[in-house]
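S.K.: Chains as they are written, first to last, in my numbering: chain A, 2 to 331; chain B, 2 to 331.
Note that beta-carbon positions come from the ideal geometry of N, C-alpha and C, so glycine has one too.
Predicted model only: the values in this text are computed from it and were never measured.
One structure, as structure tokens, below. Some questions next.
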DNA sequence: GCCCCGAATCGAACCGGTTCGATGATCTGC
DNA sequence: GCAGATCATCGAACCGGTTCGATTCGGGGC
């Protein structure tokens, strides 16, 4: 393993000049710089990360902190988001590190260590639960960060979809085809994304002059079944379902079929997240693609801006979505 | 931010003794150690990662290098594997870093930098393509590593399932129910896992005295459709399908239904990887769970052993699997 | 009472980079 | 031709830990 001192010796310059040359500093003549670079190539020199971090104060790494490891979202969403983060980080010369705490408490401990031990220059927060402590921590510490989703705490940078529009678009698509009794299978009532989606759903229903019905699913996708059966048992009309996530849509589809209702002729369904397998189900599932990759890239952009300029305030980005129409809503 | 010198000063000891105390060295009296620890807590001291790395030569981080980011596997598999890696790393006091090269060439560059810049103590290799260069690199460098899958190159540590048994179990399950015309929808012929699974499939067929038919799918899951249609058009008998991955199974299921064949009564199907959504499809899909979490944990264990004892040779671990029976093979 | 050994302790060196401050050389302008 | 500014250059300090080697101290054995 060669060090910068080896390079300096071979190029016949001092260590300090070698460092400046390698970092393209203007104070070194281009002819000298070339000699240093040649030496570096000849000796297959690579600066040691730890040493560089120690002296420069930059770690050149970003951190993803996700208590659920994307478990509550569709799995395809998580990998695409990760890839988006990664691509952005790489373009900025950064590395991506992932930590998966078991719960919110551990997440806080890890976040504190992460900041105190200075092993990352910034952090991406995913899926924090309703406890705002984590977000408050990061704001108080003034540490570069970005949250996926909408923040209940002020001063937090965020990247998100326009969830109102996401739900409105899905609903309008169903209503435009002449459906008149739509149902929203929504997430837990207290989560902001669920509130936004409900607002979008209701707006579309109002515009079309139809009644909006909403069920809140708290728990695994299987919880959809009894809720939906209850809805049908009450004799309420139903010819369109908007589901907060694809697994919920699939459980709904299955439940409806078992009750003798055909999808999509009698009931049309649209899910969200555009999970990998949606195109292979029977019938294939329409879904709103949230462009997880773009969410990731935008998250990193905000993060890098905060790192470069610590004084910058909280930033916010909204990322576009796409309705992917498949058989379940034809 | 407090440093170890602050701790030493407050505890009234030298910096060196503070360091020893913090690392629980036997040379320091427990009473003195306590004083140091108290000082550390009082000042909320956290040793800076970069400094520790530089002096100790350990980065306390592991690296996952995956050109495909699990894209070729079911998405649920990747996150479970990642979680297994993460849990193992955490128990060993390590951090997990993920890098996602665009292709095999970039993967090699990154691997070389990773080793040269010493930003990880070990690397987990996933999905290297058929090019053996990457594996050869890591063996030549003598760098701690572990490969997910079977290695075509000698001297590589591996973690894998017993793919022969995986396919045999799935096939036996179908044949035990009285099926007599099984078909294996396998992966690319040149991949070792596909070869192993074919062997297991054929073994089970031979034992049961039925003819083994195999189709090789190279490309996206959609490629299953024309292959399977060709098989049916030839008039070949078919009452059982073993698919190399769940998406393939779903495409097969769909194709069969469109040809008027009922699943599972006329044709039973078993997939592999036990993807998240398999339980929500219609009918729900039987699948072999490869215990991705255990694969991850075992990978880390091998890695840590190699890091602690550089002299240790290549290690190999086989992880058990579980057949999850659902409606598609009843 | 003396010597030896081990334990406790500390200062200093070290890891491999970056950056500051001083020095000497070259150039400009009058 | 010389003062003053500009520039290249280098040694040394620094980042914050770990670890080596030397020193001091106390206790046990003869």
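Buried or exposed: where does residue 17 of chain B fall if 16 or more other Cβ atoms within 10 Å of its Cβ makes it buried?
M.R.: With fewer than 16 Cβ atoms within 10 Å of its Cβ, residue 17 of chain B is classed as exposed.
S.K.: At a Cβ threshold of 8 Å, is residue 49 of chain B touching chain A?
M.R.: At least one chain A Cβ lies under 8 Å of residue 49 of chain B.
S.K.: I'd like to know if residue 80 of chain A contacts chain B, where contact means its C-beta is closer than 8 Å to some C-beta of that chain.
M.R.: It does; some Cβ of chain B falls within 8 Å.
S.K.: Less than 8 Å between CB atoms is the rule here; does residue 237 of chain B satisfy it with respect to chain A?
M.R.: Not closer than 8 Å to any Cβ of chain A, the Cβ of residue 237 of chain B fails to qualify, so no.
S.K.: Name the DSSP beta bridge partners of residue 15 of chain B, please?
M.R.: Its beta-bridge partners do not exist; DSSP assigns none.
S.K.: Measuring straight from C-alpha to C-alpha, what distance separates residue 54 of chain A and residue 33 of chain A?
M.R.: Roughly 26 Å separates the two Cα atoms.
S.K.: Can you give the Cα-Cα distance for residue 19 of chain A and residue 37 of chain A, rounded to whole angstroms?
M.R.: Going by the C-alpha atoms only, they are around 6 Å apart.
S.K.: For residue 222 of chain B, which residues in chain A fall below 7 Å Cβ to Cβ?
M.R.: Result: 281.
S.K.: Excluding the 5 residues flanking residue 253 of chain A on each side, which residues of the same chain have their C-beta closer than 7 Å to its C-beta?
M.R.: Counting only Cβ-Cβ distances below 7 Å, and skipping sequence neighbours, we find 186, 225, 229, 242, 244 and 270.
S.K.: Enumerate, from N- to C-terminal direction, the unbroken beta strand (DSSP E) stretches of 3 or more residues contained entirely within the segment 94–181 of chain B.
M.R.: 96–100, 123–126, 146–149 and 159–162, all fully within the segment 94–181 of chain B.
S.K.: Compute the distance between the beta-carbons of residue 67 of chain B and residue 101 of chain B, then report whether it is under 8 Å.
M.R.: Yes, Cβ-Cβ distance for residue 67 of chain B and residue 101 of chain B is below 8 Å.
S.K.: Is DSSP giving residue 304 of chain B helix, strand or coil here?
M.R.: Note: residue 304 of chain B maps to helix in three-state DSSP.
S.K.: Quick check: the Cα distance between residue 60 of chain A and residue 259 of chain A, rounded to an integer number of angstroms?
M.R.: Spanning the two alpha carbons is a distance of roughly 56 Å.
S.K.: If the cut is a Cβ gap below 9 Å, which residues of chain A does residue 87 of chain B touch?
M.R.: Within chain A, the residues near residue 87 of chain B are 70, 99, 100 and 101.
S.K.: Please state if the CB of residue 205 of chain A and the CB of residue 176 of chain A are separated by a distance shorter than 8 Å.
M.R.: In contact: residue 176 of chain A and residue 205 of chain A (Cβ atoms closer than 8 Å).
S.K.: So the beta strand (DSSP E) residue 271 of chain B belongs to, where does it begin and stop?
M.R.: 269–273 is the span of the beta strand (DSSP E), which, as asked, contains residue 271 of chain B.
S.K.: Going by CA-CA distance only, name the one from B:64, B:104 and B:106 that's closest to residue 86 of chain B.
M.R.: Residue 86 of chain B has its Cα closest to that of B:64, out of B:64, B:104 and B:106.
S.K.: Apart from the five residues on each side of it in sequence, which residues of its chain come closer than 8 Å, Cβ to Cβ, to residue 207 of chain B?
M.R.: Cβ neighbours of residue 207 of chain B beyond the five flanking positions: 213.
S.K.: In chain order, what residues of the same chain lie with their CB nearer than 8 Å to the CB of residue 302 of chain A, ignoring the 5 residues before and after it?
M.R.: Contacts found: 89 and 318.
S.K.: So what's residue 204 of chain A in DSSP terms, helix, strand or just coil?
M.R.: Three-state DSSP puts residue 204 of chain A in a helix.
S.K.: Just verifying my parser: in three-state terms, what is the DSSP assignment at residue 323 of chain B?
M.R.: Residue state, collapsed to three classes: strand.
S.K.: So residue 252 of chain A is in the alpha helix (DSSP H); what residue range does that whole segment cover?
M.R.: Where residue 252 of chain A is concerned, the enclosing alpha helix (DSSP H) stretches over 247–259.
S.K.: Give a yes or no on whether 8 Å exceeds the smallest Cβ distance from residue 127 of chain A to chain B.
M.R.: So no, residue 127 of chain A is outside the interface.
S.K.: At least one CB of chain B closer than 8 Å to the CB of residue 190 of chain A: is that the case?
M.R.: So no, residue 190 of chain A is outside the interface.
S.K.: What beta strand (DSSP E) runs, 3 residues minimum, are completely inside the segment 2–51 of chain A?
M.R.: Within the segment 2–51 of chain A, no complete beta strand (DSSP E) run reaches 3 residues.
S.K.: Just to make sure I have the definition right: I need the residues of chain A whose C-beta is within less than 8 Å of the C-beta of residue 4 of chain B. Which are they?
M.R.: Under the 8 Å cutoff, chain A gives no residues; its nearest Cβ is about 11 Å from residue 4 of chain B.
S.K.: Verify whether the separation of the beta carbon atoms of residue 15 of chain B and residue 9 of chain B is less than 8 Å.
M.R.: A contact, by the Cβ cut-off of 8 Å.
S.K.: Is the segment 111–126 of chain B in contact with the segment 121–140 of chain A, if contact means three or more CB pairs nearer than 8 Å?
M.R.: As far as the Cβ criterion goes, the segment 111–126 of chain B does not touch the segment 121–140 of chain A, which means the pair count is below three.
S.K.: Run down chain B in chain order and give the residues with a C-beta less than 8 Å from the C-beta of residue 148 of chain A.
M.R.: Here the premise fails: no neighbours, minimum Cβ distance about 20 Å.
S.K.: Taking the alpha-carbon positions, what's the residue 216 of chain B to residue 184 of chain B distance?
M.R.: The straight-line gap from Cα to Cα measures roughly 8 Å.
S.K.: Under 8 Å between the Cβ atoms of residue 188 of chain A and residue 166 of chain A?
M.R.: Contact flag unset, no.
S.K.: Whose CA, out of B:48, B:324 and B:194, lies closest to the CA of residue 164 of chain B?
M.R.: The option with the nearest alpha carbon to residue 164 of chain B is B:194.
S.K.: Does any C-beta atom of chain B lie closer than 8 Å to the C-beta of residue 96 of chain A?
M.R.: So yes, residue 96 of chain A belongs to the interface.
S.K.: Going by alpha carbons, who is nearest to residue 81 of chain A out of A:284, A:294, A:264 and A:49?
M.R.: Closest option to residue 81 of chain A, Cα to Cα, is A:294.
S.K.: Starting from residue 183 of chain A, follow the beta strand (DSSP E) in both directions and report where the run begins and ends.
M.R.: Start and end: 183–187.
S.K.: Would you kindly work out how many angstroms separate the C-alpha atoms of residue 122 of chain A and residue 145 of chain A, rounded to a whole number?
M.R.: Taking the straight line joining both Cα atoms gives about 7 Å.
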